[in-house]
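Read through the structure below, which is laid out as structure tokens, and then see the notes.
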Amino acid sequence: MDYQILLFYKFVPVADAVSERDALLEICKQLNLKGRIIVAPEGINGTVSGLVADCDAYRAWMDAHPLFAETEYKIDPFEGHAFGRLSVKARAEIVTLGHECEPWEKTGKHLEPAEFKAMMESANPLILDIRNDYEFEVGRFKGAVRPDVKTFKEFPDWLRTVIEPGEERPILTYCTGGIRCEKLTAYLVDQGIENVYQLHGGIVTYGKDEQTQGEHWEGVCYVFDDRVTVPIGPNVTPVTRCLHCGVEIARFINCASVDCNKQFTCCEACEEKFSRSCSEECIHSERRREENGKLAIELRSERIKLRRQAYRARRKERLKAAQCAANAALTEPTIS
Ligand SMILES: [Zn+2]
Ligand SMILES: [Zn+2]
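Numbering (our numbering), first residue to last: 1 to 336.
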């Protein structure tokens, strides 16, 4: 395979995120990389795809950078670009938690996959899955606690409901690539909770580890690129069922109706029987995607268009709300 997908992050103080963004955008364009990179005062987080030589050149560029040298990469081979476009942004945080913490100063103790596995087996730990609920649904470590939240920002409140004061069990956290753990364990340590450990390199690294071979993982792992999910270790124990016939299977497809585009679990037989659709309505949808590259590209622009529409609608609402607030402020009597 000629292409690679790189997944990386580094927590490091960045004085001028905007100019770093400009430099990153420039090098990514030069190297024809696609994907997403966020740079913030707390560091860098990204996932990009490109030709192997271009990915190598990008890593060499990063290694020569005064701030981004020694970034760790998860590297996967792929048959083409895994993203439709390139987006490089400067933001307030690389992971939005809404709490200031300094993961380069102190975090939960990093455990290598084999250490994490040993601790799951012997220490009766509290295992926290700190990804989104829909990620948990398709795969997780056996015995892990499910996050009952919609966004990462709600995690501190959720943690208060699962971690009792004076919790004696060791707390193990894990996420896809490790970045959320850095931030959340930094927060926990800040809160005075000491017995906190995190899976170094995340689930992705655990699945590739020779010693662990993905043991104790159930289902598959959700990823945010065109692969949708990846297996963890050589054997997959499904935790999901086919939407149509109910057979246990860890196989995900996108509904062929462009207007639905829902991701759902489906066996091969039902994919054919139901024309790759999630519902009766979608089978008869006028705008359906066929299985060829050209239309896949059209679908991508379709998706971007839908996202833009949603963004515009949200912005309009925000503006309206701001205007209402401003009007209210104008009409409110001032207290002197
Ligand atoms: Zn089925
Ligand atoms: Zn559908």
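All residues carry an ideal CB built from backbone N, CA and C; glycine is no exception.
Just so we're clear, the structure is a prediction, and the values are computed from it rather than from any experiment.
Identify whether residue i lies in helix, strand or coil by the three-state DSSP scheme.
{"i": "residue 275", "result": "coil"}
{"i": "residue 306", "result": "helix"}
{"i": "residue 185", "result": "helix"}
{"i": "residue 323", "result": "helix"}
{"i": "residue 25", "result": "helix"}
{"i": "residue 109", "result": "strand"}
{"i": "residue 158", "result": "helix"}
{"i": "residue 90", "result": "strand"}
{"i": "residue 19", "result": "helix"}
{"i": "residue 34", "result": "strand"}
{"i": "residue 227", "result": "coil"}
{"i": "residue 288", "result": "strand"}
{"i": "residue 253", "result": "strand"}
{"i": "residue 83", "result": "coil"}
{"i": "residue 14", "result": "coil"}
{"i": "residue 265", "result": "strand"}
So, for residue i: in the same chain, excluding its five sequence neighbours on each side, which residues have a beta-carbon less than 8 Å away from its beta-carbon?
{"i": "residue 94", "result": "9, 11, 38, 39, 40, 42, 43, 44, 45, 179"}
{"i": "residue 337", "result": "Absent from the structure is residue 337, since the part of the chain shown begins at 1 and ends at 336."}
{"i": "residue 148", "result": "133, 158, 161"}
{"i": "residue 334", "result": "The predicted model places residue 334 with a pLDDT of 36, which falls under 50 and marks its position as unreliable; any figure quoted below should be read in that light. Correct list: empty, nothing qualifies."}
{"i": "residue 193", "result": "163, 167, 171"}
Per DSSP, which residues does residue i bridge with? Please list them.
{"i": "residue 77", "result": "4"}
{"i": "residue 9", "result": "45, 72"}
{"i": "residue 127", "result": "172"}
{"i": "residue 40", "result": "43"}
{"i": "residue 199", "result": "111"}
{"i": "residue 217", "result": "141"}
{"i": "residue 248", "result": "241"}
{"i": "residue 51", "result": "3"}
{"i": "residue 134", "result": "None, per the DSSP bridge assignment."}
Are the Cβ atoms of residue i and residue j separated by less than 8 Å?
{"i": "residue 190", "j": "residue 47", "result": "no"}
{"i": "residue 188", "j": "residue 246", "result": "no"}
{"i": "residue 31", "j": "residue 88", "result": "no"}
{"i": "residue 395", "j": "residue 97", "result": "The structure shown does not extend to residue 395, since the chain is modelled only from 1 to 336, so the question has no answer here."}
{"i": "residue 205", "j": "residue 74", "result": "yes"}
{"i": "residue 257", "j": "residue 221", "result": "no"}
{"i": "residue 58", "j": "residue 27", "result": "yes"}
{"i": "residue 5", "j": "residue 76", "result": "yes"}
{"i": "residue 91", "j": "residue 34", "result": "no"}
{"i": "residue 285", "j": "residue 260", "result": "yes"}
Using a Cβ-Cβ cut-off of 7 Å (strictly less than) and excluding sequence neighbours within five positions of residue i, which residues of its own chain qualify?
{"i": "residue 140", "result": "129, 218, 219"}
{"i": "residue 248", "result": "238, 241"}
{"i": "residue 215", "result": "117, 233"}
{"i": "residue 195", "result": "170, 171"}
{"i": "residue 156", "result": "99, 187"}
Please return the same chain residues whose Cβ sits closer than 6 Å to the Cβ of residue i, not counting the five positions on each side in sequence.
{"i": "residue 7", "result": "47, 74, 177"}
{"i": "residue 142", "result": "216, 218"}
{"i": "residue 320", "result": "none"}
{"i": "residue 135", "result": "222"}
{"i": "residue 181", "result": "173, 175, 198"}
Less than 7 Å separating the Cβ of residue i from some heavy atom of ligand 4?
{"i": "residue 269", "result": "Ligand 4 is absent from the structure shown, which contains only ligand 1 and ligand 2."}
Cβ pair count under 8 Å reaching 3, the segment 90–102 against the segment 110–126: no
Touch test, the segment 226–246 against the segment 255–266, Cβ-Cβ under 8 Å, three pairs minimum: yes
At least three beta-carbon pairs within less than 8 Å, the segment 157–175 to the segment 69–83: no
Cβ contact (3+ pairs, closer than 8 Å) linking the segment 118–132 and the segment 58–67: no
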